[in-house]
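Have a look at the structure below, then the notes.
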Ligand SMILES: Nc1nc2c(ncn2[C@@H]2O[C@H](COP(=O)(O)OP(=O)(O)OP(=O)(O)O)[C@@H](O)[C@H]2O)c(=O)[nH]1
Ligand SMILES: Nc1nc2c(ncn2[C@@H]2O[C@H](COP(=O)(O)OP(=O)(O)OP(=O)(O)O)[C@@H](O)[C@H]2O)c(=O)[nH]1
Ligand SMILES: [Mg+2]
Ligand SMILES: [Mg+2]
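Residue numbers (my numbering), protein chains in the order written: chain S, 439 to 730; chain Y, 26 to 303.
Here it is, written out as structure tokens:
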């Protein structure tokens with residue numbers, strides 16, 4: 439793994455007293471390789487390595503740590519810092535229900551995440567209202583309804599012939615009338631380059647005024663993570679990220695890419711197919727996973 | 026590559042970034058660049074365009090496979106099985122492929138083998154309506170192998186041309202789910218010894234290097250005969266396929282280029298490679 443490689447690479451630095459540009463050059467290459475294998479976007483990796491380099495150069499080789507351990511500590515700290523703080527609380531509405539729009543690309547895990555968010559917050563004392571606003575995908579409305587039923591939580595009676603923006607508005611009204619304080623809107627998967635569908639989300643946001651717009655991203659996403667996340671963020675001003683399928687062996691470099699390009703907090707991670715498989719995000723855990 | 030004509034450090038770096046950005050992965054990128062830079066050093070390549078062409082040729086050489094697709098004529102019924110991790114596009118791809126066989130005048134039967142996920146059976150049933158074909162659909166929670174069995178058995182008995190089996194998405198790291206997949210294959214084999222004739226791994230073009238692990242595990246569990254790469258209508262290039270085809274020697278059959286029933290294309294190595302650089 440990386441720390442073993444770095445320990446070997448930096449063994450010769452022990453007698454040199456200080457980390458210098460020359461003696462960490464090989465190590466930076468090892469870290470670059472690790473990041474690229476982990477699917478961190480190559481530009482994000484480059485920027486990250488620059489900041490590691492500037493932090494590392496000139497550092498005295500401390501007595502208790504080997505140069506390898508010291509260097510990896512710098513890399514780990516820097517990566518953990520970049521991932522942002524642990525923060526799984528939703529922004530709350532000042533009056534009326536808190537509204538959350540769940541958006542992202544096809545197959546990322548939005549519908550299942552809405553179920554998981556409903557479960558998570560019901561356990562925290564919220565009264566969630568699940569809103570199926572995907573009128574395109576076959577059986578998408580059924581899918582969310584089945585999840586809501588299994589949680590014994592109310593689901594908005596959307597139908598395929600309705601308009602997603604109208605569904606969202608109607609659901610918000612319904613939630614107010616029924617004293618439900620958390621409206622979770624499941625939207626259709628879409629490409630960030632589909633201007634018509636991106637515009638639909640933009641409209642929904644304007645009319646429904648959500649407190650949270652969560653971008654759901656698959657942990658195994660590769661280099662394209664920066665393009666998708668940047669477009670969604672530019673268009674909607676996301677409030678948070680939810681990473682799915684973290685129960686697999688994807689290293690999750692997309693997390694760093696998305697964080698770097700949006701500067702938005704990663705709020706939750708999904709770790710399985712069951713409704714209870716939602717956890718708060720821990721930056722240090724994902725940092726060490728990315729480094730491998 | 027910034028209108029440069031001569032090959033220098035900057036040009037090679039630009040090429041490396043183009044390859045990495047396409048999800049080709051650091052190891053495969055390094056291999057491709059080694060092949061190319063040695064030719065540069067031997068003065069065989071003098072300008073950027075020639076360099077790019079050599080890279081493309083190298084990629085096409087890896088990707089182009091002359092493995093014929095088993096046809097309905099050779100086997101009847103032709104048994105296809107779709108596998109892959111969660112959310113990649115298996116069910117949608119089955120809808121598209123069923124429609125294609127229907128357009129060619131074949132009798133198609135679908136097997137709703139995802140008996141786990143909420144509304145998976147309803148979703149495939151909708152696709153069977155769109156493709157105008159029949160379907161074996163039971164209920165959520167039923168053993169998926171029994172659906173496979175029933176579908177293949179009916180296909181033989183009622184002389185369908187093609188039977189297409191859907192399976193639940195599963196992460197390749199879950200041993201029990203991969204074992205469930207092995208069981209499905211064994212059950213199908215009981216009825217038709219050389220079936221399934223095609224086991225297609227569906228990969229999402231937005232997936233990074235993890236696709237290699239997916240290919241490795243699914244190949245081990247279900248003996249893959251082909252790959253379908255979906256979502257190439259997005260901005261992801263799907264370059265990870267190069268390392269996969271190189272290592273496992275599995276042909277890519279189709280690509281998915283959208284969510285509609287017609288959004289399926291046969292794989293073309295040259296077209297795919299050109300779009301890696303576009
Ligand atoms: N193993 C695992 N599977 C997950 C996780 N999250 C979602 N899934 C699965 O991923 C697949 C896709 O999930 P969906 O919720 O349908 O994805 P979606 O984003 O709503 O898809 P579209 O609406 O088509 O864009 C399903 O099989 C889910 O069960 C996770 O954290 N771990
Ligand atoms: N843009 C685009 N979307 C696609 C393509 N293929 C599938 N999709 C979409 O991807 C999402 C997931 O597709 P599914 O067919 O449900 O994927 P799956 O592999 O069966 O998912 P699970 O059964 O939950 O594992 C849906 O929203 C599809 O419409 C494609 O080629 N392009
Ligand atoms: Mg959905
Ligand atoms: Mg499916």
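Where is the CB? At the ideal position from N, CA and C, for every residue including glycine. Fair warning: this is a prediction, and the values are worked out from it, not measured in the lab.
Which of helix, strand or coil does DSSP assign to residue 532(S)?
-> As a working mapping, residue 532(S) is identified with position 94 in the first chain. If DSSP states are grouped into helix, strand and coil, residue 532(S) belongs with coil.
Option nearest residue 266(Y) by Cα separation, candidates 60(Y), 85(Y), 192(Y) = In the second chain, residue 266(Y) corresponds to position 241, counting from 1. Comparing Cα positions, the closest option is 85(Y).
Amino acids of chain S, ordered along the chain, whose beta-carbon sits closer than 9 Å to that of residue 62(Y) = Against the second chain, residue 62(Y) aligns to sequence position 37. Chain S residues near residue 62(Y): none, gap ~17 Å exceeds 9 Å.
Starting from residue 625(S), find everything on chain Y with Cβ-Cβ shorter than 7 Å and list it in chain order.
-> By 1-based counting over the first chain, the position of residue 625(S) is 187. Under a criterion of Cβ atoms nearer than 7 Å, no residue of chain Y is adjacent to residue 625(S); the nearest Cβ is some 14 Å distant.
Against chain S: residues of the region 147–172 of chain Y by CB proximity under 7 Å | Against chain S - using a Cβ distance shorter than 7 Å - the residues of the region 147–172 of chain Y are 147, 148, 151, 152.
Kindly provide the ranges of any beta strand (DSSP E) runs that are 3 or more residues long and lie completely inside the region 618–685 of chain S, ordered along the chain.
-> Those beta strand (DSSP E) runs which fall completely within the region 618–685 of chain S and span 3+ residues are 620–625, 650–656, 678–682.
Can you name the start and end residues of the beta strand (DSSP E) that residue 293(Y) belongs to?
-> On the second chain, residue 293(Y) is found 268 positions in, with the first residue counted as 1. DSSP places residue 293(Y) in no beta strand (DSSP E); its state is neither H nor E.
Hey, does residue 253(Y) have any beta-carbon neighbour from chain S nearer than 8 Å?
-> One-based indexing of the second chain puts residue 253(Y) at position 228. Chain S contact via Cβ: absent.
Report the three-state DSSP secondary structure of residue 302(Y) (helix, strand or coil).
-> Taking the second chain and counting its residues from 1, one reaches residue 302(Y) at position 277. If DSSP states are grouped into helix, strand and coil, residue 302(Y) belongs with coil.
Identify whether residue 26(Y) lies in helix, strand or coil by the three-state DSSP scheme.
-> In the second chain, counting from the first residue as 1, residue 26(Y) sits at position 1. In this prediction, residue 26(Y) scores a pLDDT of 47, lower than 50, which makes its location untrustworthy; no coordinate-derived value is stated.
For the beta strand (DSSP E) that contains residue 154(Y), what are its first and last residues?
-> Stepping through the second chain from its first residue, residue 154(Y) is reached at position 129. Here residue 154(Y) belongs to no beta strand (DSSP E); instead the alpha helix (DSSP H) covers 145–156.
Segments of 4+ residues assigned as alpha helix (DSSP H) that fall wholly inside the region 451–489 of chain S = Scanning the region 451–489 of chain S for uninterrupted alpha helix (DSSP H) segments of 4 residues or longer gives 463–475, listed from N- to C-terminal end.
Does DSSP put residue 580(S) in a helix, in a strand, or in coil?
-> What you label residue 580(S) is simply residue 142 of the first chain in a count that begins at 1. It is helical.
Hey, would you say the C-beta of residue 548(S) is under 7 Å away from at least one heavy atom of ligand 3?
-> Here residue 548(S) is taken as the residue at index 110 of the first chain, counted from 1. Checking every heavy atom of ligand 3 against the Cβ of residue 548(S), one is found closer than 7 Å.
My guess is that residue 479(S) and residue 654(S) are in contact by the Cβ rule of under 8 Å, so how many angstroms apart are they, rounded?
-> Residue numbering aside, residue 479(S) sits at position 41 when the first chain is read from its first letter. Residue numbering aside, residue 654(S) sits at position 216 when the first chain is read from its first letter. Not really, about 18 Å apart at Cβ, beyond 8 Å.
Quick one: is residue 276(Y) near chain S, going by C-beta distance under 8 Å?
-> To locate residue 276(Y), count along the second chain from 1; it is residue 251. For residue 276(Y), no Cβ of chain S is located within less than 8 Å of the residue's own Cβ.
Should residue 714(S) be flagged as near chain Y, meaning a C-beta pair shorter than 8 Å?
-> Translated into the one-based positions of the first chain, residue 714(S) becomes position 276. False, the Cβ-Cβ gap to chain Y never drops below 8 Å.
Taking C-alpha atoms, which residue in 223(Y), 46(Y), 49(Y), 110(Y) lies nearest to residue 187(Y)?
-> In the second chain, residue 187(Y) corresponds to position 162, counting from 1. The shortest Cα separation from residue 187(Y) among 223(Y), 46(Y), 49(Y), 110(Y) belongs to 223(Y).
Shorter than 8 Å from the beta carbon of residue 261(Y) to some beta carbon of chain S?
-> Walking along the second chain from the start, residue 261(Y) turns up at place 236. At least one beta carbon of chain S lies nearer than 8 Å to the beta carbon of residue 261(Y).
Chain S beta carbons: is any one of them nearer than 8 Å to that of residue 258(Y)?
-> Along the second chain, one-based indexing puts residue 258(Y) at 233. With 8 Å as the cut-off, residue 258(Y) counts as an interface residue toward chain S.
Take residue 119(Y) and list the residues in its own chain whose beta-carbon comes closer than 6 Å to its own, dropping the five residues that flank it on each side.
-> Numbered from 1 along the second chain, position 94 holds the residue referred to as residue 119(Y). If we look at residue 119(Y) and ignore the five residues flanking it on each side, its Cβ neighbours are 107, 189, 191.
Cβ separation of residue 469(S) and residue 513(S), assumed to be a contact under 8 Å, to the nearest whole Å | Within the first chain, numbered from 1, the residue matching residue 469(S) stands at position 31. Within the first chain, numbered from 1, the residue matching residue 513(S) stands at position 75. Contact holds; Cβ gap of about 6 Å.
Verify the contact flag: residue 226(Y), CB atom, against every heavy atom of ligand 2, threshold strictly below 7 Å.
-> If you number the second chain from 1, residue 226(Y) lands on position 201. Incorrect: residue 226(Y) has no Cβ contact closer than 7 Å to ligand 2.
Using a Cβ cut-off of 7 Å, which residues of the region 227–244 of chain Y contact any Cβ in chain S, in chain order?
-> Those residues of the region 227–244 of chain Y placed with their C-beta closer than 7 Å to a C-beta in chain S are 229, 231, 232, 233, 234, 235, 238, ordered along the chain.
Can you name the residues that DSSP bridges to residue 718(S)?
-> Counting from 1 along the first chain, the entry for residue 718(S) is found at position 280. Beta-bridge pairing links residue 718(S) to 706(S).
Tell me whether residue 75(Y) sits in a helix, a strand or coil according to DSSP, three-state version.
-> Here residue 75(Y) refers to the residue found at position 50 of the second chain. Helix at residue 75(Y).
In the DSSP assignment, what residue or residues form a beta bridge with residue 172(Y)?
-> By one-based count along the second chain, residue 172(Y) stands at place 147. When DSSP reads this structure, residue 172(Y) sits in no beta bridge, so it has no partner.
Counting only beta-carbon atoms, is residue 111(Y) nearer than 8 Å to chain S?
-> Counting from 1 along the second chain, the entry for residue 111(Y) is found at position 86. Taking Cβ atoms only, chain S reaches closer than 8 Å to residue 111(Y), which makes this a yes.
Whose C-alpha, out of 466(S), 501(S), 613(S), is nearest the C-alpha of residue 491(S)?
-> Here residue 491(S) corresponds to residue number 53 of the first chain, with the count starting at 1. Looking only at 466(S), 501(S), 613(S), the smallest Cα-Cα distance to residue 491(S) is reached by 466(S).
From what residue to what residue does the alpha helix (DSSP H) around residue 267(Y) run?
-> Indexing the second chain from 1 puts residue 267(Y) at position 242. Run containing residue 267(Y): 265–273, per the alpha helix (DSSP H) assignment.
Helix, strand or coil at residue 36(Y) according to DSSP, with G and I counted as helix | Indexing the second chain from 1 puts residue 36(Y) at position 11. Look at residue 36(Y) here: in three-state DSSP terms it is helix.
Between the Cα of residue 101(Y) and those of 219(Y), 258(Y), 162(Y), spot the shortest distance and give me the residue it belongs to.
-> For the purposes of this step, residue 101(Y) is taken as residue 76 along the second chain, with counting starting at 1. Closest in alpha carbon position to residue 101(Y), among 219(Y), 258(Y), 162(Y), is 219(Y).
Against chain S: residues of the region 109–136 of chain Y by CB proximity under 9 Å = 110, 111, 112, 113, 114, 116, 117, 120: these are the residues of the region 109–136 of chain Y whose beta carbon lies less than 9 Å from some beta carbon of chain S, given in chain order.
Please indicate yes or no: does the CB of residue 654(S) lie closer than 7 Å to some heavy atom of ligand 1?
-> Here residue 654(S) refers to the residue found at position 216 when the first chain is read from its first residue. Yes - ligand 1 has a heavy atom lying nearer than 7 Å to the Cβ of residue 654(S).
Hey, would you say the C-beta of residue 191(Y) is under 7 Å away from at least one heavy atom of ligand 4?
-> In the second chain, residue 191(Y) corresponds to position 166, counting from 1. For residue 191(Y), the CB falls within less than 7 Å of some heavy atom of ligand 4.
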